[in-house]
Every structure is written in C-alpha cells, then in structure tokens.
Amino acid sequence: MNMEKLQTVLVANRGEIAVRICRTAKKLGVKTIAVYSEADAASQHVRDASEAVLLPGSNATAYTDEEAILKIAKEKGAEAIIPGYGFLSENAPFARQVIEAGLIWVGPSPEAIEAFGVKHTARDLAAKADVPIVPGTKGLVEDEEAATTQAEQIGFPVMLKATGGGGGMGLITCNNTKEVREGFKMVQSRGQTLFKNPGVFIERYFPASHHIEVQVFGNGLGQAVHFGERECSIQRRHQKVIEECPSPFVERHPELRQRLGDAAVRLSESIKYGSAGTVEYLVDDKTGDFFFLEMNTRLQVEHGITELCYDVDLVEMMLKQADAQLAGKGGIEGSTLKRMQPSKPSGAAIEARVYAENPLRDYAPSPGLLQKVAWKDVPGSRVDTWVFTGSRITPNYDPLIAKAMAHSQDRSETIVRMKALLTGSLIAGPPNNLEFLVQILDDLRFAYGDTMTNFLQDFKFAPHAIDVISAGAYTLIQDLPGRPTVGKGIPHSGPMDGMAFQIANMLVGNSRGTEGLEITLSGPELRFVGSAIVALCGAPMEATLDGEEFPMWTNVKIGAGQRLKIGKTTAGGCRSYLAIHGGLPAVADYFGSKSTSPLVAIGGYQGRQLAPGDLLQIKADLPTDIETVTLPERLRLSYKTDWEISAMVGPHDEGYFAPEDIKMIYDTKWKVSHNASRSGIRLVGPIPKWARKDGGEGGAHPSNLVEYGYPLGTLNWTGDDPCIFPVDCPNFGGFTSSTTVVRADWWKLGQLKAGNTLKYVRIGLEDALRKRKRNDKFLDSIEQAIQENSGFQKIDNLQAGHVDYHQCDIGKAVVWEKAATADTPQVRYRQGGDDHVLVEYGNESFDLNHRCRVTALENALNSSSTPQVIKGNLYNTVGCCTTLLIYYNGAMLPRSELVSHLQRIEEGFGDLRSTKVPTRIFKLPISFESKLQDEATQRYMTNQRPHAPYLPDNLSFVAKNNAFTAQQLKDIYLTGQFMAVVVGFFCGNTVSLPVDPRQRMNAPKMNPSRVFTPEGTVGWAGSCMSIYPVDSPGGYQMTGRTVPCFDYYAQKPGFKNPWIFRDFDILTYYQVSERELDDLLAKFRAGKFTFEYDDVEFDMADHNKMLQDSAEEVKKIRAKQAEAQEEMTKAENESFARWQKEKAESKVDESTVERLLDDANITSVEAPVDANVWKVEVKEGDTLQEGSVVVILEAMKLEIAVKTPDAAAADNARLRVEKLLVKPGDTVTAGGRLALLKKE
C-alpha cells in the first residue's frame, strides 16, 4: 500500500502513540525516524522505527526541543513530521516552522491550532458555526470583581478555565462567589505557568452531565466527515480514565448522534479543517442538550475505540492527507472523503487507560521497573502500549502504561471481554490501576451506562494490598527454593532460614515455597488495606497489631485498616519471616522465582529491599475454613547467640591448609563479624599457617587458586580472612574453600548475627544426609498436623534423638582421583558438602586442554545418555578453566552413583588434545579512553584509597606489571583472541584467557575494590580478562571499555538468555574512539546493536602445536614478567602499608565499639549497601530526632542518606551521637557500622 509521494516521516513523540504511528507507517511502506530521550533509550518505539536518533538535552525537555527535532528531520531526509498527541502536537509556532522548512506538518494548519488553542476564541468560532456553546462569558474576564459579577449572572456552579488550557489542567469548579475570588488568581497563575497565557473565562458547570466527543476528519479543502462519538465522562481530575464508543447515553437517544456529528462537521468545514480532530461536548443528562467545550486539533488518546467500531485507521488517513499535500493536491479528494462517512458504529468498544499510579497516594505516578508485562489474549481486544518486560516507567513523563481496548457487537459482551483482559493480564512492578479499572467495570452504574462526569466523585476504591509505611532494616521478598538451577551469575537466592520460612507458610495455608517477607534485624510497619491471614515465624521480634502484642508462630487474621508493626529482634537470631495467605500475586517471577537478589537487582519488588510507599498486592478472597493454629514452643526452632553448626570436609582441606589449620578451624569459637549478609558471612578468628607458599598461577597468596565454582555453605578464604558463602554468594572465584556447612544446617547460617559465636562440628556424608532427612520429617509432621488439625503431641522437636555425629567416616577432601597418563590429565573429584562435587583437571594451570575437557564433561552430563535419576537431580554446573562444580540433590542422588557415572564418562573421553570444539568468534569494539572510568578512578582516589601503584592509570600499571609498554598492552587486545573460560560470578561476568600464552599477563586486583565500575568495562586481574556486564562494584584493573554482555530480560538482539557469551566463546577486539563507543552503547541500550560473531571450530591440535612451538619464548616472557611483578609488588606493599598507617591513626578501636554495644541503650547506624562515606552530617554529642540524616554514602554514583533507625527513637526518646565510627573517604560494607547512638 505505497504512498504517492510520502516516503519518510519523523515521529515527534514517544510511548504508545509513537509505537502506534510506526505500525501504520510500516503498513503503508513509509519509513519512520524515531526520536528519543536518554530515559527512553529502551522504549519500544525506538526499536520499531526504521531509524532512531537520540535527542540532545535533558529528559524533561527533549521532546519539546523544536530546533533539534526539525534539524533531525532535515538531516534524515524526512518529508513530514507527525506529532501524535501532547508535547508539540498543538504547538502552532512549531507547526509553522515545519511548513516553512518545506516539510509537511501531519496535522491541522497552524491557523486552526491557534484558533482552537485559545478557548474563548474557540467558543466564538463554534457560535458562528451555529454550534451550541456552554453559557458563559463572551470573552476573557479581567479581574476578580469581573469574575464574581459574571459568575453570578451565569448562575452557580461555574467553572473557571484557563483559556490556553487543555488536558484537564487550569480548571476550577466554584459553587459561590467566595470560591470564585479564591480560584481566579490560581487559574490565572496556572495558565501563565503551563500555557504562557494568563487569560481566564467562565462557563456554567453542569454537575449531572456527560463528556461526549465526536471524531472528525477534514481534508483542509472545506470537506469533513465524522466517525461517531465517544463517551469520556469517567474522569479523575479532568483526566479520562475509561472511554466508550459509542456513548451509552447517545445509544439511548439515537437522534442525538446525528445532531452531534452534524455540528462537529459544520464547525470543521467552517475553517477548512485538515487532518484528524475531536470536537468535545458537554451533554446535559436531564435534557440531552449539548454544548461545545473545545476542539482538540490533534489525534486523541482514545482514538483506538473509534477505529474498532468504524473499521478505520485514523493514522493512515492522517498520513494519506499528508501524502496528498506533499503531492500538491491540498488534501484527500473531497468526494473520496465524503464516501467514508459512516452511518452508525459496528458494535461497542471500551478503552481503559492503564497507569503506573498508587491509589493510596492519591493516584500519584509510580515510576519504576516493569518486571513482567503479560497481556491476556482476549477475542476482540487490542492493547496499544510501549512497554514490555524490563521497561522502566520514568518520572519524566506521563505514567501511561497502555491503552487496553475491547470490542464486540454487544456492549455487555464488550464489558465481559474488557474484564477478562484486565484481570487476566499481569503488570508486575510499581503500583498500577488495573484493580481500580476492574472495580469501575463492576459498578452497576457502569453496567447500565449511567456514567456522568461526577462518576468518580463518590467512587470508593480500596485495593487488596499491603501499604509499606516503613520498611525495617532489610526486608526482602523470598520464595523457596529460589533459583538453584540458573547460574551464570544469577544468584541462588531464597530464604536464608528455610525452616522458619516453610513453617510460616504452612500456618497460613500456603504451599511451603510461597513467597513471603524475609525480615532482618528489625521489621517493617505494614498497613493492611485488605484483610489477610499471616504468620510471623523465626527469630523472636517485637511485634504489635494496632498497638497490641502480636503472637509469633501463629496464624492471625488481620482486618482491612489494621497496622502490623514489627520491631527489632529480642533474643538470638536475626531473621524472621512473614507469610501471607496466597503470597504476593503481583510480584513477578524471574527464572521461575520471586526471590530478591538485591546485590544484582534481580527479582522481588523492584529488585531491592522494600521501601516506604511500596504497595504489595495480596489475595482478595480468603478461605473461611482456616482455624487459628499456634506452633507449641517446644517445636519452635531454637535461636542462640553461641551456635554449633555441622560441616563436612571442604574441597581444599588437604594440600592447601596445614593439618593444624584444619584442627584450628574446628577447635575455634569463631566470632561473626558485623560484615554478615546474604552474600557472605565474615568470621573473626585465628589466621591459618597454610601448606603452600603461594597460589601458583592463581596468584601470589596461598589462598589464591585458578578460578573454580564455589559450593554453597563453604568457608571461603580471601587471603587470611574467612567468609561463609550463603545463598546470594558469587558462583565462582579464585580463593580456597575449606569446611562446608551441610544443607541441614543452612538455616542456622540465616540466623547468625554480628557478635554471635560459631563452632563447627565435623560430620561425614552419611550423618549429613541423616540430619537432612530428620529436618524433612520434622517439617512433614508439622504440615500434616496443621492440615489434618490433629495436634502436635506426637511430634518430637528438632533436637530430640540427637545423633553422635562422630560415629561415621568424615571422609577426605578428594573422594576419587586418577593420575595423569601420556594422553590424559590428572583428575580429582573433591567434595563440597552433601550437595556438591568439584571435578578438577591438572595441577591448577591455565591450560585450554583442561577447559576443553571441562566442556566435554558438562556436555556429557546434560546429554541424553545420562540416566534420568542423575539428570533429574542435577541443579546446576559451573565450568571454569580447570574445574567443573556439580551442584546436585544429595538427598535423592547418592554421591557414589554420581561419582560412578562421572568415572564412566571420563573413561570414554580418552585423549582430547586433537579434538575440535564448536565455538563462536565475537568481534567487539573497545575504547581505551573512557570518561566514566576516569571519573570512577578519581572517586576511588578521593573516597577510598588516595595512592597506589595502579593509580591513576590502571592500563599503564597492568602493562608495567608485565614488562610491556602501554601500547604493547593495547596491541594484545587488538591482535589477540580471548577464550571465555567461565561466565558467571554476578550477572554473566565473562572471564577470559588469552589463547596465545605469549599474550598472557598477571595483575593484582585493586585493594580495596571500587564501589563503582561502569558497565562494559574491560578489566584485568590475576591471569584473566573480565567484562563487567552491568554497573557494579569491582576490583579488576580497568583497561578499556566495550559493549555490555548482559540484558536482564534478554530483549535485545542476540540474547537468548540474559548473558550473551557462552563458555569457550572467543572474544576479539577492534579499536574505536570514545565517541564511537558512546554511539554503539546508545544503540545497545536502544536494542539496535547487533553482536558480530562467526560460528567456527577451535582446533585443539593446532593450539597444542602453537604451545609447543612457543614454549621457549613463553619462558623468557615469564621471567621478564616475574621481575616486573616483583618490583611492582614491592611498591604496592609500601604504598599499602603507608595507607593502612594513615587509616589507623584515625580509626576507632574495635574494643571500644564492642564495649559501648554492651549498653542496651546503644544502637548502631548501619550502611545499607557497600559504599564510600561521602559526608558525615553530625558530630559526637549531637542530639538527633527520628529520621535525622547521620551519614551520606556514595555508591554507584548515587548519594544515599542514612538516617537514624526507626526503632532507635521509640517512645519519643532523644538520641545522642555517642561515637562516630567513620569519616569522609572511608569505605564501608553493607551492614557496617557508621555511628553509635544512645537513647536518653
């Protein structure tokens, strides 16, 4: 359906209307140029357009930048500009500029826009065309006195209107002269501010009236047609909420349609109106009299329902009108247009405007991430939208998510279809109005079509939801089992204490894994807007319901309007769980789980902890047969301050730690550091002696290793510092792991609190599985007792029948090994608790032959030849350069059976040194210049560490550390091939190794790590290169920047999963300037960047020949590198010691902190995230109020104000700053103490 002249049109808009225009333009064969702001880079219209151009300036002003838009249109060869609605659509001066530039303005003439843009002159035009107008002033009123006089003459109630107004802005209804006096200056001021026109006129206000509008289309030559009317009476603050075509009122008064339409056509033809427009009327419900309100000289938001009822494409007509103008015809031929005049509508259509808005905050816009968007497929439905899963509603623009439309031949059926569309669709993210819209459809007045402009004035709506008044210290949404099967840097997640979590769900009648709230240290205050059944289980916490004590371990029905306030922990343990019957249905799942991983902003509510103002939808219909159940105290879990936790031999107990180190680990009463979180629990205690002098190719410290997969629950050693890895830990790294907590005791890890002690109890595999089975039986018995209402008398508590865990063999770190042969490398199977086996090839050297074997093993495990009993119980695998971590269900799959299968696979491999591995070679841009990286380095020097050999130029440091020049290092990037040896850590971080050993290097990480690294950073640390997938903390030396390798929702081209790269992919680079990279990054964010790669085979025989041929040259390179690294290590040691001394001189002694915390009136202010201290806003001795800002942190380029804890100011107690623990420039971790406050 080609046009005569029009080939390219610029779409000067955003959101759903831009998408809508692009759709029709594509159908007509017209090329579209989209414009977009930075906030809209990932918007659908950017992807749908033939070409997209980023607008200059701020997000707020981008779409009204007339000069920029006109310039883009000219540069891109557009013949026309179509404005849609809003922004520049009714800007007559801009329309005139477009025409003067020789382009077509796809809309009415500037003169028409001006004539109808001023309301009092529009009234005059209507009167001249014999269109009834609302009784009112003949022109503008000059002052308050004139306004009151005119209002009295017209008769109350009246409406004061800004003559330049529109969209419901600049209007006030007045019932008496006093209100007129008060409102006049307000309307005048709004008119000047919003529309640059202070003029005010007055009209009679009809409280029992309908807002009905007629769709017109003119050809600019004196002919016009209309496409019936729309009922738009359901409005809030003069903004339409639901529209209908045809109007139910007009359907009851069929003669009115002809009169409304004729008047609209008469008005349009009187000024030779061209393009689409809408004539709006006020219709008296009692008499059926109608009065002209205004004419909108643009396409209306609600035009879609007219299209459904009249089988017309209004955007197509607008473009054909523009095409006719471009061809010199002036417009669509008159007789052709008149033949399009319909006689009546076909069926009935309804549109509901779906907004991101919070009904509990007076429908205030609710910006945020749309974590899932799924529209129900209903016959006759149409959804005009610009969003998809992963879109973000920004505060810069109208929060319209979509226009949901339904059509059928019968209005009653259309209502049914619309309800099915709204109730069956899911928009998970910030609050929206879906439930509000459904309640309108359920209203009897709507069913009868009795919808007037006052419809919503007395409409009562209360969502079935929980309103978060205050969020507590750290409240997250979690479900069970989390995401154990995903990997690739997507954390396991799930509740830290799965035992209490499951019992809470049982008590409220949920399945055990249903999502609920995990509450750490102190809890939230929640207002239940709808009734609910809840249970609070876990560590003892203060809790009240409307001020009365709230029982734990009991299911409680909470009525609408009640407030549940959960305070701080009162004894041992640090986490409790609030289960809600039916869970949280509007929270999106991510890879099948609703669990939150805040470290990587995944899952839960907006990927973060709860915050005040969040709205959690809950189930509307509660069961009536759930009886009150309280779990007896004897069956409740015991939460201590001194813990014994069962653990098995870890993967590196032997050969890495000295024998006395292992004894020390089990003999020590470890203290839990204040750095205890879901991603790591640091312990304070003795330092190991180690069995090695260094980490070989893994690094200089004996704790270093070539990267491998981390077992959950393991004790990981970062240098001499031990840290337990719980559910949100990274899935691989390069530090040794010893003692591993057994799965049956994972729940205890979730209750370890800063200052607690921990003693490991060593057990073997059989005992670990027996203990796990006992936990399962305990939970099964409780669930059965609740479901059957049979009581708990026959259930033993979890500690009953305690087993002596020293009776069976505790095992060794290596459960099976095979020596190297001439054709195969050494292989060892190491244990990692009762759910992990680590397969290790060779002797910890970066050898791609080993990575080839790891890949072959991983493929074999996932192949059809693996028995289902094994494959069905494999959670995940983590392949690294020399190892494969296998995470499996140890309760269902005996380790011996898994090991036997692995041995059989191994025996079948034989010699793989000449194999050919299918892979992909990527061509990636790289810039060695980056303003963002320079700024990150400067912030690091200002806020973290002022001096180090790697500062201020990371790239030069890495080069010098390896006896290269900076240019030689750049040449390595530009000529080398980098094999992806592992994808994971967090968010698909890709670690790769140069294929050619002559290009391999080594570099230490920054110490401490940065709190901010720009996405796409190409870094180097250890022996590997890494691409940072998202903005994040990090320690790799920043050597360049490329395009990021992660897309949370896999929406961009080339992403089948959120991570683009796979193990064994080969990365190559070509150099671009910083500006060129910025352009490519803009394309990436807009979904316009395509990764270049070729499918190839990597020939291991060729690779091994190259290794053999270059062996002597590599030796010489390593010798030079060793000399350079020795020199740089010395410089780093000196710099680090100097920096530590500088810090120590101002550091508060830890014993002082511990002594102060013994006082019950002392409370600590803690950092919510890893960050730098930017400002300290108080002094020691200051008296603070609740909510006072104590410290301002800087993290990820954000300023975070840390305030006094809610619970600290209970009972209106005053708070005095007892001790400041940080100063500007300090680095703190999540949970780290910033200050101590004392209640007075």
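Numbering (full-length UniProt numbering), first residue to last: 1 to 1240.
Even for Gly, the Cβ is constructed at its ideal location relative to N, Cα and C.
Only buried fits E302, as 16 or more other CB atoms lie within 10 angstroms of its CB.
With three or more CB-CB distances shorter than 8 Å, the stretch 1060 to 1070 counts as touching the stretch 917 to 928. Scanning the stretch 1094 to 1147 for uninterrupted alpha helix (DSSP H) segments of 4 residues or longer gives 1100 to 1109 and 1111 to 1144, listed from N- to C-terminal end. A residue is called buried once 16 or more other Cβ atoms fall within 10 Å of its Cβ, and K748 is buried on that count. Between the alpha carbons of V995 and T915 lies a gap of roughly 16 Å.
When C-alpha distances from D323 are compared across V131, L103 and F1046, the shortest belongs to L103.
One alpha carbon belongs to L861, the other to P688, and they sit about 37 Å apart. In the three-state reduction of the DSSP assignment, Q457 falls in the coil class.
The three-state secondary structure of D642, taken from DSSP, is strand. The stretch 969 to 977 and the stretch 991 to 1008 touch, with three or more beta-carbon pairs separated by less than 8 Å. The alpha-carbon separation between I645 and D667 amounts to approximately 13 Å.
In this chain, the beta strand (DSSP E) harbouring V53 covers E51 to L54.
Per the coordinates, the alpha-carbon of L1236 lies some 14 Å from the alpha-carbon of S1188.
If you ignore the 5 residues before and after T718, its C-beta comes within less than 8 Å of the C-beta of S703 and F735, all in its own chain and listed in chain order. In this structure M295 is not in contact with V283, their Cβ atoms being roughly 16 Å apart against a cut-off of 8 Å. Excluding residues up to 5 positions away in sequence, P686 lie with their Cβ nearer than 6 Å to the Cβ of M664 in the same chain.
Per DSSP, the unbroken beta strand (DSSP E) holding N989 starts and ends at N989 to P994. Note on Y829: 16 or more other CB atoms within 10 angstroms of its CB, so buried under the neighbour-count rule.
Assignment of Y710 by DSSP, reduced to helix, strand and coil, places it in the coil class. Under DSSP, no beta-bridge partner is assigned to S790. Secondary structure note for I69: its alpha helix (DSSP H) is the uninterrupted segment E66 to E75. Under the DSSP assignment, Q831 falls in the beta strand (DSSP E) whose first and last residues are V827 to Q831. Where Q617 is concerned, the enclosing beta strand (DSSP E) starts and stops at L615 to Q617. With a 10 Å radius around the Cβ and a threshold of 16 neighbouring Cβ atoms, R252 comes out exposed. Note that the C-beta distance between G277 and V225 is not below 9 Å.
Assigned with DSSP and collapsed to three states, L893 falls in coil, not helix or strand. Residue state for D1031 is assigned as coil, using DSSP reduced to three classes. According to the DSSP secondary-structure assignment, L1221 is paired through a beta bridge with no residue.
Three or more beta-carbon pairs separated by less than 8 Å link the stretch 953 to 966 to the stretch 1119 to 1131, which places the two stretches in contact. With respect to the 9 Å criterion, K196 and G220 are not classified as neighbours on the basis of their beta carbons. For the alpha helix (DSSP H) assignment, the uninterrupted runs of no fewer than 4 residues enclosed by the stretch 120 to 155 are, from N- to C-terminal side, 144 to 154. One thing to note: V837 has its Cβ no nearer than 9 Å to the Cβ of L752.
Rounded to whole angstroms, the gap between the alpha carbons of L848 and A819 is 19 Å. Boundaries of the alpha helix (DSSP H) harbouring L861: L848 to L861, taken from the DSSP string. Per DSSP, the unbroken beta strand (DSSP E) holding N296 starts and ends at F290 to N296.
Straight across, the Cα-Cα distance linking S864 with R527 is about 52 Å.
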